[in-house]
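Report on one structure; see the data block that follows.
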Amino acid sequence: MTGTDGARQELRLERLIPASPERLFALWTDATQIARWWAPDGYEAVVHDLDVRAGGRWRIVLLQAGGKMAAMGGFFHVVEPSRRLAFSWAWEEADGRHGARTEVTVSFEPVPGGTRLILLQQGFDSKDARDRHLGGWSASVDRLMGLGREERQ
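Numbering-wise (the numbering used here), the sequence shown opens with residue 2 and increments by one.
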């Protein structure tokens, strides 16, 4: 299930993934694993910082084959292994300044046959920004689902 809330400029993405919460949490918190799934279609993710603890910084650069580059980063607020991650998110401008900040919470709920992953991103300054993130997250989480399934094989 995927959705957006126009009144609050909020994005919610939910998937049932046939993998344990521990496996999915590891895919979100290991730089090598993140590089395998965290990018919209046509991009490659390069993890520059990943200090997975409350107050720890994260930074990922997306590279496109044609040379286009986009960087994002923020700070972790909540790290509850195999249960929940919460972090800030901001795109980096070409001059090094950060764009509008949003807040992301990812929950890993054990269910029969795997995990219900719920991603909530709040604080968008426009519907257009929210919708672009929805497209990127949808593609990324679809790849994440494939990696999660590898655990079952």
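We put the beta carbon where it would ideally sit given N, CA and C, even for glycine.
Using the Cα positions of residue i and residue j, report the straight-line distance between them to the nearest angstrom.
{"i": "residue 100", "j": "residue 26", "result": "27 Å"}
{"i": "residue 109", "j": "residue 43", "result": "27 Å"}
{"i": "residue 24", "j": "residue 32", "result": "14 Å"}
{"i": "residue 73", "j": "residue 60", "result": "6 Å"}
{"i": "residue 136", "j": "residue 14", "result": "11 Å"}
{"i": "residue 51", "j": "residue 63", "result": "15 Å"}
{"i": "residue 107", "j": "residue 86", "result": "5 Å"}
{"i": "residue 53", "j": "residue 29", "result": "10 Å"}
{"i": "residue 119", "j": "residue 141", "result": "14 Å"}
{"i": "residue 146", "j": "residue 113", "result": "16 Å"}
{"i": "residue 2", "j": "residue 97", "result": "Residue placement at residue 2 cannot be trusted, given a pLDDT of 44 that sits under 50; the coordinates are not used to answer."}
{"i": "residue 17", "j": "residue 148", "result": "13 Å"}
{"i": "residue 66", "j": "residue 150", "result": "28 Å"}
Looking only at its own chain, which residues have a Cβ that is under 8 Å from the Cβ of residue i, when we skip the five neighbours before and after it?
{"i": "residue 125", "result": "10, 11, 12, 101, 103, 131 and 134"}
{"i": "residue 22", "result": "83, 84, 109, 110, 111 and 116"}
{"i": "residue 91", "result": "73, 74, 75, 99, 100, 101, 102 and 103"}
{"i": "residue 55", "result": "77, 78, 79 and 80"}
{"i": "residue 41", "result": "63, 136, 137, 140 and 141"}
{"i": "residue 127", "result": "10"}
Take residue i as the anchor and find which of the options has the nearest alpha-carbon.
{"i": "residue 122", "options": "139, 48, 83 and 110", "result": "139"}
{"i": "residue 105", "options": "129, 97 and 80", "result": "80"}
{"i": "residue 39", "options": "66, 89 and 144", "result": "144"}
{"i": "residue 70", "options": "56, 55 and 95", "result": "95"}
Find out if the Cβ-Cβ distance for the pair residue i, residue j is shorter than 8 Å.
{"i": "residue 46", "j": "residue 36", "result": "yes"}
Can you name, in chain order, every residue of its own chain whose Cβ lies under 7 Å from the Cβ of residue i, other than the five neighbours on each side?
{"i": "residue 93", "result": "72, 73, 74 and 99"}
{"i": "residue 88", "result": "59, 75, 76, 77, 78 and 105"}
{"i": "residue 48", "result": "32, 35, 36 and 61"}
Looking at the C-beta of residue i, does it have a partner C-beta in chain B at a distance below 8 Å?
{"i": "residue 82", "result": "The structure shown contains no chain B, having only a single protein chain."}
Give every residue of the same chain whose Cβ lies closer than 6 Å to the Cβ of residue i, excluding the five residues on either side of it in the sequence, and list them in chain order.
{"i": "residue 57", "result": "77"}
{"i": "residue 129", "result": "none"}
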